[in-house]
Amino acid sequence: MLYRIPRDIWIGFATMVLAGVYWYGADQIPISPLDGAVNAAAMPKALAYALGGLALILILRALAIEVITRRATADATTDAGAPVDAATAAPKDRGDAVSRGKRHLRAAGMLGFGITYLIAVPYLGYMLSIALLVFGVAGYMQARPDRKLLLLSVGVAVFFYLLFVRFLDIPLPPGFWPLLFT
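Residue numbers (my numbering): 140 to 321.
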């Protein structure tokens with residue numbers, strides 16, 4: 140029996156090819172004799188590896204879902220013992236128009252958080268903006284706004300501040316806070 144290859148597998152393979160092309164392009168970046176252990180091609184190559192890894196995860200996830208669906212189809216039988224078709228035996232997709240519309244609205248809400256963050260970060264500064272972003276997105280994803288979430292938000296902001304500003308020496312917008320203390 141022929142089976143249709145799921146769309147996620149095709150997307151995963153296409154993304155793997157894209158990661159390979161991206162890595163090849165990153166490999167063509169000239170290396171300076173003044174470069175140290177980390178050169179100009181290191182970050183693009185790391186992104187290519189990450190893209191390839193995520194593509195592999197997408198493929199494996201699609202294969203696992205396909206195996207589970209086929210097992211459910213094979214196990215499902217009618218009272219007479221005849222197999223049930225795949226459309227009725229497979230788990231419901233919730234792909235009706237209402238749930239699809241809700242998913243699009245939730246995605247638009249997440250995009251709204253990203254845009255708000257980009258607008259606010261020059262004024263509020265990186266640490267406060269990240270803390271508010273984590274707190275807001277967690278609340279949007281229906282987490283309880285309690286002390287634990289507040290501590291998590293502040294902890295994430297401090298971690299990323301230390302990582303980028305102190306460890307990697309990448310300047311991030313301080314916001315208006317330094318002006319208050321001068």
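Backbone N, C-alpha and C define an ideal beta-carbon position, used for all residues, glycine too.
Remember, predicted model here, so these are calculated numbers, not experimental data.
Item to complete: In the DSSP assignment, find the unbroken alpha helix (DSSP H) run with serine 171 in it and report its ends.
Response: Where serine 171 is concerned, there is no enclosing alpha helix (DSSP H), given that its DSSP letter is neither H nor E.
Worksheet item: At which residues does the alpha helix (DSSP H) containing aspartate 214 begin and terminate?
Response: 181 to 214
Item to complete: Could you spell out where the alpha helix (DSSP H) holding arginine 286 opens and where it closes?
Response: 286 to 300
Worksheet item: Among Tyr188, Phe252, Thr154 and Gly191, which has the Cα closest to the Cα of serine 268?
Response: Phe252
Worksheet entry | Cβ contact check for the stretch 253 to 264 and the stretch 280 to 295: 3 or more pairs under 8 Å | no
Discussion item. Quick check on the burial criterion: 16 or more other C-beta atoms within 10 angstroms. Buried or exposed for alanine 342?
Written reply: Only positions 140 to 321 of the chain appear in the structure, and residue 342 is not among them; the question remains open.
Item to complete: List the endpoints of the continuous alpha helix (DSSP H) containing proline 317.
Response: 316 to 319
Worksheet item: With respect to the alpha helix (DSSP H) encompassing phenylalanine 306, which residues constitute its N-terminal and C-terminal limits?
Response: Taken as a continuous stretch (DSSP letters only), phenylalanine 306 belongs to no alpha helix (DSSP H), as it is neither H nor E.
Worksheet item: Cβ of alanine 158 within 8 Å of Cβ of leucine 197?
Response: no
Fill in: Inter-residue spacing [alpha-carbon to alpha-carbon] between tyrosine 300 and methionine 249
22 Å
Fill in: Where the alpha helix (DSSP H) containing methionine 280 begins and where it ends
Neither: methionine 280 is in no alpha helix (DSSP H) and is coded neither H nor E.
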